[in-house]
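Below is one structure, written out as structure tokens; the observations come after it.
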Amino acid sequence: MVRPKTEEEIELMRENAILVSKTLAEVGKVVAPGVTTLELNRVAETFIRDNGAVPSFLGYEGFPAALCISVNDVVVHGFPSDYVLKEGDIVSVDCGTLYKGYNGDSAYTFPVGEIDEETARLLKVTKESLYRGIAEAVDGNRTGDIGHAVQSYAESFGFSVVRELEGHGIGKAMHENPGVPNFGKRGRGAKLSDGMTICIEPMINAGTRGVYLDRNGWAVHTADRKNSAHYELTVVVRKGAPEVLSTFEFIENPNC
Ligand code: MG
Ligand code: MG
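Residue numbers (the working numbering): 133 to 388.
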């Protein structure tokens with residue numbers, strides 16, 4: 133059984149979610165051709181620490197950085213490096229914070245300069261698949277309802293769903309039960325109940341769904357070397373309609 137969070141816990145989770153959302157927006161401001169992915173990591177780590185929080189990925193099972201930064205055919209868990217971003221790349225940035233004993237976790241795939249039409253479509257569809265999944269995060273549904281919504285939407289555009297990795301519960305630990313797959317059947321999987329906090333995070337490939345693990349033991353690449361996109365938000369399961377704790381508003385509507 134997964135214990136739903138108390139409203140006090142959810143408030144702390146919300147503070148984390150906003151901090152992660154703002155961190156991703158800070159990173160987004162510096163994404164451009166000519167910038168290294170290590171620089172993106174530096175911006176995020178500074179911002180997180182300046183806000184009194186800790187970058188939770190740093191040291192997690194030995195992960196060496198504050199951000200997972202995954203360029204083009206890297207699906208997730210890429211290391212920041214001296215790689216210089218170039219026009220037409222896409223860069224998936226996954227960020228985690230630990231603040232007041234709770235975790236935040238969200239991700240966004242940024243275009244670098246102008247990207248081609250097919251890649252722009254991959255980003256748009258992946259993000260929309262996340263929102264389709266979120267809509268199913270209501271009391272009484274199951275994780276399979278979320279997975280089915282993500283999968284059926286993404287596949288209807290000819291894209292494919294990475295199956296080796298999934299979303300998750302979140303709270304005092306970054307990864308809690310239940311697992312939240314991005315594929316599945318309606319009415320199957322773990323039951324969702326009011327107050328559960330989960331991360332939904334579709335990883336969608338432009339080509340086939342196969343992936344392989346880098347020799348570094350972390351980075352996950354597409355087997356066909358085509359692009360992959362990744363968006364993640366933290367959500368509270370509620371009765372009737374979900375409550376989304378993190379947001380892309382700071383990235384997409386900075387003047388709001
Ligand atoms: Mg994440
Ligand atoms: Mg996550």
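All C-beta atoms, glycine included, are put in the ideal place defined by N, C-alpha and C.
Treat the numbers as computed from the prediction; the structure is a model and nothing was measured.
Straight-line Cα distance separating residue j from residue i
i	j	result
Leu324	Tyr231	25 angstroms
Glu143	Phe382	19 angstroms
Gly321	Pro334	17 angstroms
Lys218	Gly184	33 angstroms
Thr329	Leu170	31 angstroms
Pro374	Ile278	12 angstroms
Gly339	Glu140	43 angstroms
Ser213	Ser188	19 angstroms
Pro243	Thr251	9 angstroms
Arg174	Ala149	20 angstroms
Lys161	Val216	16 angstroms
Tyr344	Tyr234	31 angstroms
Arg355	Phe291	In the sequence as displayed, the identity of residue 355 is Ala instead of Arg. The straight-line gap from Cα to Cα measures roughly 14 angstroms.
His307	Tyr192	11 angstroms
For residue j and residue i, believed in contact at Cβ under 8 angstroms, the rounded distance
i	j	result
Ala267	Ala286	Incorrect: roughly 15 angstroms between the Cβ atoms, too far for contact.
Leu365	Ile332	6 angstroms
Val223	Val163	6 angstroms
Val257	Leu297	That pair is no contact at about 18 angstroms.
Beta-carbon spacing of residue i, residue j below 8 angstroms
i	j	result
Phe211	Ala197	yes
Gly205	Arg357	Sequence inspection shows Asp at residue 205; the Gly mentioned does not correspond to that position. In contact: Asp205 and Arg357 (Cβ atoms closer than 8 angstroms).
Gly319	Arg274	yes
Ser378	Ser238	yes
Val293	Asn314	yes
Gly220	Gly245	yes
Cys200	Val207	no
Val186	Thr229	yes
Arg341	Phe289	no
Pro136	Gly327	yes
Tyr363	Thr168	no
Val159	Leu172	yes
Val369	Asp248	no
Ala269	Val203	no
Ala176	Pro386	no
Gly316	Gly349	no
Per-residue DSSP class, three states only, for residue i
i	result
His280	helix
Ala286	helix
Glu298	coil
Met145	helix
Ala252	helix
Asp88	Nothing can be reported for residue 88, as the shown portion of the chain is limited to 133 through 388.
Gly349	coil
Lys323	strand
Ala338	coil
Ile383	helix
Ser261	helix
Ile150	helix
Glu308	strand
Asp182	helix
Tyr192	helix
For ligand 1, enumerate in chain order all residues having a CB closer than 5 angstroms to any of its heavy atoms.
Asp226, Asp237, Ala239 and Glu364
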